[in-house]
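Presented below is the structure to which this report refers.
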Amino acid sequence: MPETTASVAAAASAPDRAVIAGPATARGRRARIALRGLQVLLALFYAIASALPKLIGHPSAAESFAELGWGSVGMYTVGALELAGAIALLVPVLQSVAAMALSALMVGAFVVQTAVFDGEHAATPLILMVPLALIAWARRRHNADLVRLLRRRA
0 MPETTASVAA AASAPDRAVI AGPATARGRR ARIALRGLQV LLALFYAIAS
50 ALPKLIGHPS AAESFAELGW GSVGMYTVGA LELAGAIALL VPVLQSVAAM
100 ALSALMVGAF VVQTAVFDGE HAATPLILMV PLALIAWARR RHNADLVRLL
150 RRRA
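The opening position of the sequence shown corresponds to residue 0 in numbering that gives the first Met the number 0, with each subsequent residue numbered one higher.
As structure tokens, then:
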């Protein structure tokens with residue numbers, strides 16, 4: 000069926016839709032690949048650089064948590080939460096929720112860095128929140144899938 004001039008003009012003047020959730024264009028594919036790469040990098044960072052030292056009781060992590068007064072229980076809890084978030088960043092139905100949960104953890108890290116450690120590394124959690132917010136927003140459609148899955152199991 001031929002398109003009318005009005006529909007072609009309307010399509011041409013329509014603002015560019017979300018690239019990440021858009022049709023299978025070359026630009027959309029590149030954006031999805033870049034986002035997935037960012038998720039993998041963040042997952043590796045949280046699993047290896049952040050969670051692993053806490054879970055193996057590395058002296059630097061143990062000292063920090065002892066100074067906080069949280070001890071090894073707090074250290075292992077935060078390490079387990081970071082590892083769970085890292086894994087969930089790679090599971091399609093959990094991606095958005097994981098990014099939001101890790102962002103909440105980073106808010107806590109920022110508060111602790113500012114209040115207890117005089118802001119020595121306070122920028123790190125803030126910097127990590129930027130790509131996490133992008134992932135949470137870009138993968139937000141998966142939240143409806145997660146809700147449907149949980150309702151079916153209930």
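All residues carry an ideal CB built from backbone N, CA and C; glycine is no exception.
For residue i, the first and last residue of its enclosing alpha helix (DSSP H)
i, result
"G36", "A25 to L43"
"L93", "Neither: L93 is in no alpha helix (DSSP H) and is coded neither H nor E."
"I122", "Correcting the residue identity first, residue 122 is Ala in this sequence and not Ile. Taken as a continuous stretch (DSSP letters only), the alpha helix (DSSP H) holding A122 covers A122 to A137."
"D144", "R140 to R152"
Proximity below 8 Å, CB of residue i to CB of residue j
i, j, result
"L37", "P130", "yes"
"A122", "A98", "no"
"A108", "G84", "no"
"L34", "A143", "no"
"S102", "M128", "yes"
"L41", "L88", "yes"
"L67", "V115", "yes"
"V92", "L133", "no"
Closest by C-alpha distance to residue i, when choosing among the options
i, options, result
"L172", "L125, V77, L93 and R28", "Coverage of the chain is limited to positions 0 through 153, which leaves residue 172 absent and any answer about it impossible."
"Y75", "A61, T24 and V115", "A61"
"D117", "L104, A153, S63 and S49", "S63"
"V111", "R26, G73 and P58", "G73"
"H141", "L104, V90 and H120", "V90"
"S49", "T24, R29, R151 and L104", "L104"
Residue i: CB within 7 Å of a non-hydrogen atom of the ligand COA
i, result
"G68", "By its list of ligands, the structure shown contains no ligand whatsoever, and the ligand COA lies outside what it can speak to."
With 16 other Cβ atoms within 10 Å as the buried cut-off, status of residue i
i, result
"E81", "buried"
"M0", "For M0, the predicted model reports a pLDDT of 42, less than 50, meaning its position is unreliable; a value from the coordinates is still stated below. Looking at its Cβ environment, which holds fewer than 16 other Cβ atoms inside 10 Å, M0 is exposed."
"L149", "exposed"
"D15", "Unreliable positioning characterises D15 in this predicted model, as indicated by a pLDDT of 43, which lies under 50. The coordinate reading is nonetheless provided below. It is exposed - the Cβ of D15 has fewer than 16 other Cβ atoms within 10 Å."
"A153", "exposed"
"A79", "exposed"
"A23", "exposed"
"E2", "Confidence in E2 is poor, its pLDDT being 45 and thus under 50, which makes the residue's placement too unreliable to answer from."
Counting only runs of 4+ residues fully inside the segment 52-114, write out the alpha helix (DSSP H) ranges in chain order. 58-67, 70-87 and 94-114
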